[in-house]
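Chemist: Residue numbers (my numbering): 98 to 371.
1) Which same chain residues, not among the five before or five after residue 259, have their C-beta less than 6 angstroms away from its C-beta?
2) Ordered along the chain, which non-local residues of its own chain (more than five positions away) have a Cβ less than 7 angstroms from that of residue 152?
3) If you draw a straight line from the alpha carbon of residue 254 to that of residue 192, how long is it in whole angstroms?
4) Checking 8 angstroms against the spacing of the C-beta atoms, do residue 334 and residue 345 come in under that value?
5) Taking all protein chains shown into account, do 16 or more other C-beta atoms lie within 10 angstroms of the C-beta of residue 236, making it buried, or fewer, making it exposed?
6) Buried or exposed: residue 276, going by 16 or more other Cβ atoms within 10 Å of its Cβ?
7) Evaluate residue 362 with the Cβ neighbour count: other Cβ atoms within 10 Å of its Cβ, from every protein chain shown; 16 or more gives buried, anything less gives exposed.
8) Where does the unbroken alpha helix (DSSP H) through residue 312 begin, and where does it stop?
9) Which one or two residues does DSSP pair with residue 111 in a beta bridge?
10) Given this structure, state the Cα-to-Cα distance separating residue 161 from residue 319, to the nearest angstrom.
11) Starting from residue 259, trace the alpha helix (DSSP H) both ways and give me its first and last residue.
12) Among 250, 157 and 126, which has the Cα closest to the Cα of residue 238?
13) Is the separation between the beta-carbon of residue 197 and that of residue 212 shorter than 8 angstroms?
14) In terms of alpha-carbon separation, which member of 297, 234, 340 and 296 lies closest to residue 122?
15) Among the residues of its own chain, which have a CB less than 6 angstroms from the CB of residue 282, if the five just before and after it don't count?
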């Protein structure tokens, strides 16, 4: 047991914030490099706090890959860097044109909106950040360079195929609006000519008046699909569904199987934007 424990401690690995980022690392390295996910499935990247064992395990990470603006990252990255100052940190959003939410009035003062963090939900953006991910992995795991280079071309082709399928969707002249509880598809909508209508308002569940406004809009614009993430309460989305006849679909933007998630979204949008 002592021998196994010692070997694991010495093995340099990668840490990532969420499961989709683990997918990209695994695909590039053929899973030769251990990857620790800081925010486990079923927990919120906005509020999760790492466990003591996670913080201890981070000492063996050679690389940390972050989306850039998730609540977990904004709250904890400074501390994580202090725990492992030698760790190479890659912020995937550093060269991305980011989307900022709308500022809103709260009483006698203004609340400044944050940056939308869901960059991995746009295949176009994934194609943009994959070269940076490849470079940082080769830098830290040079013995795997040949594998990473070969896998990069295959992965880029896979992502480009999904990107092209969404481009074809955006060329459709049919209505392009969909509803979603939490606005996780903001970059997808921007990059592929779609319009995302969020049920969540200013980061909170909508008031009865706002909910009625959303129902009226959904009826007027003939919205046919409403997305909701598995971790959110479905009651308000269900009310909109019942009032409009739209289809309510649970999606998982935080799931490991990124291509499966994106292909399912593409099919759903194709069938319900008509």
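All residues carry an ideal CB built from backbone N, CA and C; glycine is no exception.
Modeler: Taking the definition as stated:
1) 220 and 359
2) 180
3) 21 angstroms
4) yes
5) exposed
6) Around the beta carbon of residue 276, 16 or more other beta carbons sit within 10 angstroms, so the residue counts as buried.
7) buried
8) 305-317
9) DSSP links residue 111 through a beta bridge to 132 and 160.
10) 44 angstroms
11) 242-267
12) 126
13) yes
14) 234
15) Result list for residue 282: 218 and 293, in chain order.
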